[in-house]
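What follows is a set of notes on a single structure, which appears directly below.
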Amino acid sequence: MTTARTLRSVAELVEAGLMPPEAQHAGAAKVGERYAIALTPAVAALIEPDDPHDPIARQFLPDPAELLVRAEERADPIGDLAHSPVAGIVHRYPDRVLLKAVHVCPVYCRFCFRREMVGPSGLGTLAPDELDAAIAYVAARPEIWEVILTGGDPLVLSARRLRDLMERLAEIDHVKVVRFHTRVPVVEPDRIDAELVDALKASGKTTYVALHANHPRELTAQARAACARLVDAGIAMISQTVLLKGVNDDAGVLAELMRAFVENRIRPYYLHHPDLAPGTGHFRLGLAEGRALVEQLRGRISGLCQPTYILDIPGGHGKVPVLSDAVRESDDGCFRIRDFRGGEHSYPPRHD
Ligand code: SF4
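Whatever position you read off the sequence shown (first residue = 1), add 28 for this note's numbering.
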């Protein structure tokens, strides 16, 4: 289906033929009152409305299942707030920080781990004095080697603002790497033009772009061309994918996606176990299921195509590779997880 503008409500989705008229009076409408909705024209065009199991629709169309909040779910599943010394900064590991300049995205994913923070009623964009304070925080700490721009999607910022941000980071000698986490090359590929690509580069810094994509159909010809513009300009690309029930919980789909990344010079990086965000239980597999699935990739696809299956330990204790002895199943069905500092945590079994 084609649309010229971003669709931002259930009514607009119905009008575009992506949801049935009844949706306006059902749970989906309530979801729309609670969480942001946005589908760009590129995403809307990918949806096959007649397919009730369409993996693109499942990622972006509001679902009444989002109203069901499970006991183990939490508003801040990976503990950003506990590690935020100043607005916009998350400092969880010694040598790197997240810089969340903006809490707006071109699309809103139904499984978003920051769904309570992003969107029109979320945390918004950093005010100029807050951005000054965030950059001053980085500048004052020589141990910070990498700044990770995330949010929200930092590539919604204009080329002018991105260039300004890069120039300010370029003045900090100890920052060597700047990484952007984004869905833009897939969901709004035309936005990756020469001006924006140039704005992401700064003298003396290495720029990485981490592309978030979850299904091989997202890598359209336009998306591939957008990624090529970044890579041809000397920007390294890595991938991040969320393992999602009903979207990519299939070894064949994951293999095709990882190969597509590599074919497009994007190094597979993280396959995230879905976080305990409110109302996202219908997307979550159990850790044992996820492990069995990811093990099927070994031998099936080239070593170049193997992502690291990763869990963000709830509460802000950092990431842990799921296929490691730091993640152990216990007799009660829970998992015992050891964080990078040696702390032990419990992770719940999946509840239907
Ligand atoms: S693009 Fe990222 S931050 Fe934005 S809604 Fe999707 S998962 Fe959340």
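Even glycine gets a Cβ: it sits at the ideal position worked out from N, Cα and C. Nothing here was measured: the structure is a model prediction, and the numbers come from that model.
For residue i, verify whether its CB is less than 7 Å away from any heavy atom of the ligand SF4.
| i | result |
| --- | --- |
| residue 59 | no |
| residue 300 | no |
| residue 240 | yes |
| residue 136 | yes |
| residue 252 | no |
| residue 133 | yes |
| residue 142 | yes |
| residue 12 | As shown, the chain starts at 29 and ends at 380. That puts residue 12 outside it, with no answer to give. |
| residue 211 | yes |
| residue 146 | yes |
Residues bridged to residue i by DSSP?
| i | result |
| --- | --- |
| residue 340 | 347 |
| residue 127 | 117, 177 |
| residue 357 | 363 |
| residue 208 | 177, 237 |
| residue 374 | 364 |
| residue 35 | 67 |
Residue i and residue j look like a contact to me (Cβ under 8 Å); what is the Cβ gap, rounded to whole Å?
| i | j | result |
| --- | --- | --- |
| residue 276 | residue 243 | 6 Å |
| residue 51 | residue 57 | 7 Å |
| residue 187 | residue 224 | 5 Å |
Which runs of the alpha helix (DSSP H) fall wholly inside the segment 264-328 and span at least 4 residues, in chain order?
Assignment of alpha helix (DSSP H) within the segment 264-328, counting only whole runs of 4 or more residues, yields 279-291, 315-323 in chain order.
4-residue-minimum alpha helix (DSSP H) runs that sit fully inside the segment 148-193, ordered along the chain
The alpha helix (DSSP H) runs lying completely inside the segment 148-193 and spanning 4 residues or more are 156-167, given in chain order.
Of all the alpha helix (DSSP H) runs that stay within the bounds of the segment 41-111, which reach a length of 4 or more residues?
With a minimum length of 4 residues, the continuous alpha helix (DSSP H) runs that stay inside the segment 41-111 are 55-62, 69-74, 83-88.
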